[in-house]
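In this text, residue positions in the sequence shown follow our numbering: the first is 38, and each later residue adds one.
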Amino acid sequence: MAPKSNGTMMQVQNLKKHFPIKGGILSRTVGLVRAVDDISFEIRQGETLGLVGESGCGKSTTGKVLMRLLEPTSGEAQFSGDSIFQLKGKQLYDYRKKVQMIYQDPFSSLQPRATVEDMLGEILKYHGLARTRQEVRERVIELMEMVGLSDFHIGRYPHEFSGGQRQRIGIARALSLDPEMIICDEPVSALDVSIQSQIINLLKRLQKKLNLTYLFIAHDLSVVKHISDRIGVMYLGKLVELTGEEELFYNPLHPYTRSLLEAVPIPDPERTRVKAVIKGDVPSASKPPPGCVFHTRCPEKFDRCPQEKPQFHQVKDDHYVYCHLYE
Ligand code: SF4
Numbered sequence: 038m039a040p041k042s043n044g045t046m047m048q049v050q051n052l053k054k055h056f057p058i059k060g061g062i063l064s065r066t067v068g069l070v071r072a073v074d075d076i077s078f079e080i081r082q083g084e085t086l087g088l089v090g091e092s093g094c095g096k097s098t099t100g101k102v103l104m105r106l107l108e109p110t111s112g113e114a115q116f117s118g119d120s121i122f123q124l125k126g127k128q129l130y131d132y133r134k135k136v137q138m139i140y141q142d143p144f145s146s147l148q149p150r151a152t153v154e155d156m157l158g159e160i161l162k163y164h165g166l167a168r169t170r171q172e173v174r175e176r177v178i179e180l181m182e183m184v185g186l187s188d189f190h191i192g193r194y195p196h197e198f199s200g201g202q203r204q205r206i207g208i209a210r211a212l213s214l215d216p217e218m219i220i221c222d223e224p225v226s227a228l229d230v231s232i233q234s235q236i237i238n239l240l241k242r243l244q245k246k247l248n249l250t251y252l253f254i255a256h257d258l259s260v261v262k263h264i265s266d267r268i269g270v271m272y273l274g275k276l277v278e279l280t281g282e283e284e285l286f287y288n289p290l291h292p293y294t295r296s297l298l299e300a301v302p303i304p305d306p307e308r309t310r311v312k313a314v315i316k317g318d319v320p321s322a323s324k325p326p327p328g329c330v331f332h333t334r335c336p337e338k339f340d341r342c343p344q345e346k347p348q349f350h351q352v353k354d355d356h357y358v359y360c361h362l363y364e
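Spelled out as structure tokens, the structure:
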């Protein structure tokens with residue numbers, strides 16, 4: 038179980054999100070997709086926690102549950118001490134101002150028939166952060182400058198921007214309510230590599246300037262490395278490893294993490310990694326393997342692995358692993 042520290046902003050305990058599979062003429066529940074299956078972690082004030090894993094591992098579902106866009110199946114999550122899943126009315130409204138989200142596809146998340154000024158102005162007016170046209174304009178220009186765009190961009194429509202510029206507008210929208218934390222759901226996956234680094238650098242600058250906390254979700258470990266202080270690796274709904282960015286890259290413990298790292302070059306010829314080749318496809322989240330969910334692909338599995346579920350446990354200071362090898 039992830040530890041508590043004084044600077045904890047969000048604490049997640051035993052979170053599960055299962056989706057029912059309906060079948061038959063009566064549309065009864067005939068199975069469950071275990072998208073997120075009993076994960077625990079904390080997000081510390083001012084840090085970036087990266088969440089990484091292959092498509093379908095449950096990382097984006099985790100982000101949506103924490104945003105209250107999806108209701109959890111079970112588990113607990115607290116933000117600044119308040120139970121997120123119990124929030125209603127004004128408390129939920131306030132939470133949604135403090136915790137914002139940036140989406141993968143900036144185009145589909147922006148209103149196509151509204152200029153940037155109208156779109157951001159609507160949000161500002163709705164939340165009482167600007168009243169007059171002049172106040173709206175000043176705040177929208179300020180937001181544009183914060184994300185590296187110019188004042189003349191405020192009269193343009195989403196289709197008049199490049200993909201990178203649209204993501205900057207998505208970031209401006211997230212910043213418009215002065216959030217404390219942003220859940221970044223694959224924010225650079227749809228962008229060219231050169232633009233990806235610009236957006237990552239922008240997010241880092243904004244974090245420093247505005248004292249923001251990020252949950253940064255991505256499938257590409259090299260992208261996550263550039264922004265994260267700590268990284269959690271997910272596989273088939275489970276958090277299989279969680280530790281500091283440097284520790285994860287130079288001392289990965291879980292066989293799945295090691296296999297993901299095979300694809301990431303190390304800029305230091307003195308350092309090598311243990312080869313861990315994984316074969317086969319990711320099993321269905323509706324029929325996860327018994328015991329350790331990774332045993333069907335693990336090059337280091339042994340007798341105990343298909344029989345018994347590992348515990349997510351602390352191996353050393355700030356390093357947590359879901360694997361029998363370290364028990
Ligand atoms: Fe591999 Fe066994 Fe560890 Fe699972 S518990 S990752 S199968 S060694």
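Beta carbons: idealized from backbone N, C-alpha and C, even for Gly. These numbers were taken from a predicted model, which means no experiment stands behind them.
- Counting C-beta pairs with one atom in each stretch, the segment 206-214 and the segment 156-167 have three or more that are closer than 8 Å, which means they touch.
- Excluding sequence positions up to five before and after Arg193, its CB lies within less than 8 Å of the CB of Thr152, Val153, all in the same chain and listed in chain order.
- Buried is the label assigned to Thr333, since at least 16 other Cβ atoms lie within 10 Å of its Cβ.
- Unbroken beta strand (DSSP E) runs of no fewer than 3 residues, entirely contained in the segment 54-103, are found at 65-81, 85-89, following chain order.
- Using a Cβ distance threshold of 8 Å, Cys221 and Ile268 do not count as a contacting pair.
- For Tyr363, there is no enclosing alpha helix (DSSP H), as DSSP gives it neither H nor E.
- Secondary structure of Phe122 (DSSP, three-state): helix.
- Residue side-chain check: Glu337 places its Cβ nearer than 7 Å to a non-hydrogen atom of ligand 1.
- Judged by DSSP secondary structure, Lys241 falls within the alpha helix (DSSP H) whose first and last residues are 230-247.
- Here Val261 has Gly87, Val89, Phe253, Ala255, Ile268 as same chain residues with Cβ atoms under 7 Å from its own Cβ, once five neighbours each way along the sequence are excluded.
- His256 sits in coil when the DSSP states are folded into three classes, being neither helix nor strand.
- Annotation for Ile139: the continuous beta strand (DSSP E) segment containing it runs 136-139.
- Here the segment 168-185 does not lie against the segment 225-234, with fewer than 3 beta-carbon pairs under 8 Å apart.
- Non-local beta-carbon contacts of Leu69 in its own chain, meaning distances under 8 Å to residues more than five positions away in sequence, involve His55, Phe56, Pro57, Ile58, Ser323 in chain order.
- Membership of Ser296 in the alpha helix (DSSP H) is indicated by the continuous run 292-298.
- In the structure shown, the three-state DSSP call for Ala114 is strand.
- Here Lys275 is buried: its Cβ has 16 or more other Cβ atoms, across all protein chains shown, within 10 Å.
- For Tyr130, the secondary structure class from DSSP, reduced to helix, strand or coil, is helix.
- Between the alpha carbons of Met271 and Ile191 lies a distance of about 39 Å.
- Our two residues, Val358 and Val330, have alpha carbons roughly 13 Å apart in a direct line.
- In the DSSP assignment, Glu172 falls within the alpha helix (DSSP H) that extends over 170-183.
- Looking from the CA of Met104, the closest CA among Cys94, Arg150, Ser120 belongs to Ser120.
- Judged by their CB atoms, Phe122 and Val136 are not nearer to each other than the 8 Å cut-off.
- Per DSSP, Lys275 is one residue of the beta strand (DSSP E) stretching across 275-281.
- Burial is judged here by how many other beta carbons sit within 10 angstroms of a residue's own beta carbon; Ser321 has fewer than 16 and is exposed.
- Taking non-hydrogen atoms of ligand 1 into account, the C-beta of Cys221 is found less than 7 Å away from none of them.
- In the displayed model, His190 falls within a helix according to three-state DSSP.
- The continuous beta strand (DSSP E) containing Lys353 extends over residues 349-353.
- When beta bridges are read from the DSSP output, Gly269 appears opposite Leu88, Leu279.
- Within 7 Å of the C-beta of Cys94 there is not a single heavy atom belonging to ligand 1.
- Distance between Thr250 and Ile62, taken at the CA atoms: about 47 Å.
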